[in-house]
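In my numbering, the protein residues as written are 1 to 76. Idealized CB from N, CA, C, for every residue including glycine. Every value quoted in this text rests on a predicted model; they were computed, and no experiment measured them.
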């Protein structure tokens, strides 16, 4: 499993619902979390395998800005 970490411009509950609309239709993303208490508003996306380009393409369709912070392989 891979974890992708981004800071994002998502700020409101409406923004979060909008993001959910984009991510729920993706078979690529297993789950995701959004930490709005963090000053950078950190978005974590989990995928079954390394698919950086596909993740970036999905996020590129959303109306928010992202800053790639890190990606990590997580041993299942």
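Query, Result
"Hey, is the region 1-10 in contact with the region 26-43, meaning 3+ C-beta pairs nearer than 8 Å?", "yes"
"Which residues share a DSSP beta bridge with residue 31?", "46"
"Mark residue 72 as exposed unless 16 or more other C-beta atoms lie within 10 angstroms of its C-beta, in which case mark it buried.", "exposed"
"Mapping DSSP to helix, strand and coil, what is residue 67?", "strand"
"Nearer than 6 Å: is that true of the beta carbon of residue 37 relative to any heavy atom of the ligand NAP?", "Among the components modelled here there is no ligand, and therefore nothing to report on the ligand NAP."
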